[in-house]
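Here the structure comes first, spelled out in structure tokens, and everything after it is commentary.
There are 2 protein chains.
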Amino acid sequence: MVSIRQALQLIDKTITVTGIETITAENSTDRILAEPVYAPIDMPPFRQSAMDGYALHFHPDFERYQVVGEIPAGSDKTYELKPGTCVRIFTGAAVPESATAVVMQEDCVAADGHIKINGTLLKGSHIRKQGEQIARGESALEPGTRLTPWCVGFLCALGITQVSVYRRPKIAVIATGSELIKPGQPLTPGKIYESNSYMLASAIKHYNCGEARLFWVHDDLDAVTQSLRDALTWADFILLSGGISAGDYDFAGRAMAQNGVNEIFYKVNQKPGKPLYFGTTGQNQYLFALPGNPSAAITSFLVYVLPAMRKAGGNGFTGLQKLKIPLAAAYTKTDNRAHLLKAFSDSGKIHILSGQNSDILQSFTEANAIALIPEEAKTLEASEPVELFLL
Amino acid sequence: MVSIRQALQLIDKTITVTGIETITAENSTDRILAEPVYAPIDMPPFRQSAMDGYALHFHPDFERYQVVGEIPAGSDKTYELKPGTCVRIFTGAAVPESATAVVMQEDCVAADGHIKINGTLLKGSHIRKQGEQIARGESALEPGTRLTPWCVGFLCALGITQVSVYRRPKIAVIATGSELIKPGQPLTPGKIYESNSYMLASAIKHYNCGEARLFWVHDDLDAVTQSLRDALTWADFILLSGGISAGDYDFAGRAMAQNGVNEIFYKVNQKPGKPLYFGTTGQNQYLFALPGNPSAAITSFLVYVLPAMRKAGGNGFTGLQKLKIPLAAAYTKTDNRAHLLKAFSDSGKIHILSGQNSDILQSFTEANAIALIPEEAKTLEASEPVELFLL
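In order, the protein sequences belong to chains A and B. So in this note's numbering, the last spot in the first sequence is 446, and the numbers never skip. So in this note's numbering, the last spot in the second sequence is 446, and the numbers never skip.
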């Protein structure tokens, strides 16, 4: 049995990134960049007008400039401007080499094919220099960058169509338990509805961890062994739901051993989720066996599996955001296990919810945090600060 | 021209929810519940053992209880227990009606087909009562609930397969501009790469706003008019990128008018993004025309379009999280427009980034916030608190 801290350290130490793949820039949202991106072009690619107005070649003696042409945005037209002449120009259009400034249309008066400028004129005004935003060959984005929508926009604006990112893990969710019936079927005596596989798949989707496939298997040794074997042909992660409580462990343990999965830890000194198991094949494939009780399963997912999958996907070992805030009321426990409690944080206080049993999801639907009461704590008084995982 | 506050109020007043649809519970992650969900079953559906151990019928004179059978989880087997007898039982199994308590296996000694209990026995101990978590007919989830993974789990555990949720909007992103070339094509003189459509689609995906389809059209009146007409046959939202700066507006404006889109506002007293347009057909279809400059486009999306789409999808008019923290250095502006600035918040201070021009995405990739400098501000001193939109 390990502590929560030890379990997290063992997971962090064991997990490595899943790998690198090349994908299209337009489909790279929220992926993690694996290799540096250098600008393949100058941006802007040419001297660009920042305004609608006139591009002119300055002449110290001239009050009026002759308008000799027009350059709309996107045009490849250009002009050799003599001092004292100008062209009508639009935002985004290429400013002729011979132009020394752009004057905004609001700052001049146009009449008789000429313009007269109000106020003073600054050299280079309203001209975006070629490569001003980024020059060809410069670093555009560094490895480890999360590709936000604006990073995706930046990549596209540079004309980049492919990026090298960390591959997100492929995840097999295997649910087992002879008491389980799929939702939609009639409930027969002694049975309950299977919810863990759907809940875990939903969490994998919500946290954008990777691609999940669901499997339901009879809880007999052959079925579970075969199911693990199949899953290991493609999955990076296996989440086995059920089959690891004291009575069952020999059984799931044998299925794992037969598939070359070696235990890193089994049992964490916590409530709920004590029989949590973590193992690996040693080939960058990981197996978490999660408790069958739904509330214990999702708690274990959030605290242990989420940071593991994020690390595999290139995000580093980062789980839910943590915070320390005071308890709204005293909390007492009589055991030596750490407690992970469904909680609601409100106006800077943390309320421990009722319905803490490991089967109860109802209270989870009302929670916005998981409060962590340390192993050694006995009675924590109201206003004592406790650590939270924010949902 | 309207202020930022007025623009947001007009959008909030105009937008209504898109509609309601029925989807499968397993695919309902992060959707907003439109109708109440009542428990179709008791949960647990029967008296359930919370532990591995023995279910017994208490007898005041008995120290030892005869083991008369076994009930594994999922079994429909039951027993009529006489006082002084017990059955072996496992977590999740149905406790016989005649049993008065479950004793944990750790709390008794089994030998010779009997168990001897250590310590005292509490009536009803380790038995989850039928309907203890929720009783059939009780409210399980209320309308407006965001279906977190644990809500999805709760629905499945109740055997629910279908839920009624707010439909997320269908969004047409139309990019226009004769200066634009698609990434992957060679860049010719006067052209730049189109990035807004990809960036907006990426943002729609990142914020889970709805389904986006992209269109690229020539910027002539007929093409844009036809494209709007096509989009209005299926889209709830149209994001038109480009074509609304001073010179172009007549043109996009005519295309909108020909399609029955009526202006709610045009131009917001802000920088960047002054020429922002918002209109509606009056048939729950909305059009935002966004500035062509990428940084102005994404800023406008985040401040105005995101809360609009969330409201349409049943989330209420909620945009990015807001916060007020002090400036790291003084900021001066000379105009009367509100400024929306790419910023980086660090250790409780907000740093205004360089590269504020509306074409520059590079600084956006380094930002974690948008700072809002109000219209009336001139010089804000260091440590003056300013409002932030957190990215």
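Positions of the beta carbon are idealized from the N, C-alpha and C atoms, including for glycine. For clarity, every value in this text was computed on a predicted model and none was experimentally measured.
Reduced DSSP category for residue i - H, G, I as helix; E, B as strand; rest coil
i                 : result
Lys433 of chain A : coil
Ile405 of chain B : strand
Lys260 of chain B : helix
Trp271 of chain A : strand
Ala212 of chain A : helix
Phe419 of chain A : helix
Thr69 of chain B  : helix
Ala278 of chain A : helix
Leu177 of chain A : coil
Val207 of chain A : helix
Ser400 of chain B : strand
Glu187 of chain A : coil
Arg86 of chain B  : coil
Ala384 of chain A : coil
Ser104 of chain A : strand
Ile172 of chain A : strand
Glu81 of chain A  : helix
Gln61 of chain A  : helix
Glu76 of chain A  : strand
Gln240 of chain B : coil
Glu161 of chain B : helix
Arg392 of chain B : coil
Val255 of chain A : Just to set this straight, residue 255 of chain A is Leu in the shown sequence, not Val. In the structure shown, Leu255 of chain A sits in a helix (DSSP, three-state: H, G or I).
Arg284 of chain A : helix
Arg223 of chain B : coil
Gly124 of chain A : strand
Ile96 of chain B  : coil
Val228 of chain A : strand
Thr140 of chain B : strand
Lys379 of chain B : strand
Ser233 of chain A : coil
CB-CB length for residue i against residue j, believed under 8 Å
i                 : j                 : result
Ala437 of chain A : Ala367 of chain A : Ala437 of chain A to Ala367 of chain A, Cβ: 40 Å. No contact.
Arg222 of chain A : Thr73 of chain A  : 5 Å
Phe444 of chain A : Lys377 of chain A : 6 Å
Leu416 of chain B : Gly214 of chain A : Rounded, the Cβ-Cβ distance is 13 Å, inconsistent with contact.
Ala212 of chain B : Pro349 of chain A : 6 Å
Val157 of chain A : Val150 of chain A : 6 Å
Ile405 of chain B : Ala383 of chain B : 6 Å
Val92 of chain B  : Asn324 of chain B : Actually they do not touch by this definition, with Cβ atoms about 45 Å apart.
Gly297 of chain B : Gly232 of chain B : 4 Å
Gln121 of chain B : Thr140 of chain B : 5 Å
Ala393 of chain A : Ile425 of chain A : So it is not a contact: roughly 11 Å between Cβ atoms.
Reference residue i; option with closest CA among the options
i                 : options                                   : result
Gly129 of chain A : A:Pro99, A:Glu76 and A:Asp85              : A:Pro99
Asp274 of chain B : B:Ala310, B:Arg183 and B:Ala148           : B:Ala310
Phe101 of chain B : B:Val123, B:Lys184 and B:Ala62            : B:Lys184
Trp289 of chain A : A:Leu331, A:Ile226 and A:Ala351           : A:Ile226
Gly174 of chain A : A:Glu193, A:Gly214 and A:Glu118           : A:Glu118
Ser252 of chain A : A:Leu357, A:Leu269, A:Glu431 and A:Gly232 : A:Leu269
Phe356 of chain B : B:Ser180, B:Gly124 and B:Ile293           : B:Ile293
Glu234 of chain B : A:Ala190, A:Thr146 and A:Gln160           : A:Thr146
Val272 of chain A : A:Glu161, A:Ala230 and A:Arg191           : A:Ala230
Gly315 of chain B : B:Pro327, B:Leu331, B:Pro241 and B:Gln340 : B:Gln340
Pro244 of chain A : B:Asp131, B:Asn324 and B:Ala278           : B:Asp131
Pro224 of chain A : A:Asp291, A:Thr71, A:Tyr248 and A:Glu187  : A:Asp291
Arg143 of chain A : A:Leu136, A:Gly124, A:Lys137 and A:Leu446 : A:Gly124
Leu361 of chain A : A:Ile70, A:Lys388, A:Thr336 and A:Leu408  : A:Ile70
Leu283 of chain A : A:Asn263, A:Ala267, A:Ala307 and A:His261 : A:Ala307
Lys246 of chain A : B:Ser250, B:Asp390, B:Asp97 and B:Thr280  : B:Asp97
Leu295 of chain B : B:Ser219, B:His112 and B:Phe343           : B:Phe343
Glu90 of chain A  : A:Glu81, A:Gln64 and A:Thr77              : A:Thr77
Leu276 of chain B : B:Leu176, B:Leu255, B:Gln313 and B:Gly374 : B:Gln313
Ile259 of chain A : B:Asp85, B:Lys68, B:Leu65 and B:Thr336    : B:Asp85
Give, in chain order, every residue of the stretch 167-196 of chain A whose Cβ lies closer than 9 Å to some Cβ of chain B. Arg183, Glu187, Gln188, Ile189, Ala195 and Leu196
Can you list the alpha helix (DSSP H) stretches of 4 or more residues lying completely in the stretch 293-369 of chain B, in chain order? 304-313, 349-355 and 361-367
Along the stretch 132-145 of chain A, what residues have a CB closer than 9 Å to any CB found in chain B? Lys132, Thr133 and Phe145
Using a Cβ-Cβ cut-off of less than 9 Å, give me the residues of the stretch 273-293 of chain A that come near chain B, in sequence order. Asp274
Taking only beta carbons into account, state which residues of the stretch 350-366 of chain A come closer than 7 Å to chain B, listed in chain order. Ile353
What residues from the stretch 247-277 of chain B come within 8 Å of chain A, judged by C-beta to C-beta, listed N to C? Ile247, Tyr248, Glu249, Ser250, Asn251, Tyr253, Met254, Leu255, Ala256, Ser257, Ala258, Lys260 and His261
Residues within the stretch 312-335 of chain B neighbouring chain A, beta-carbon criterion of under 7 Å: none
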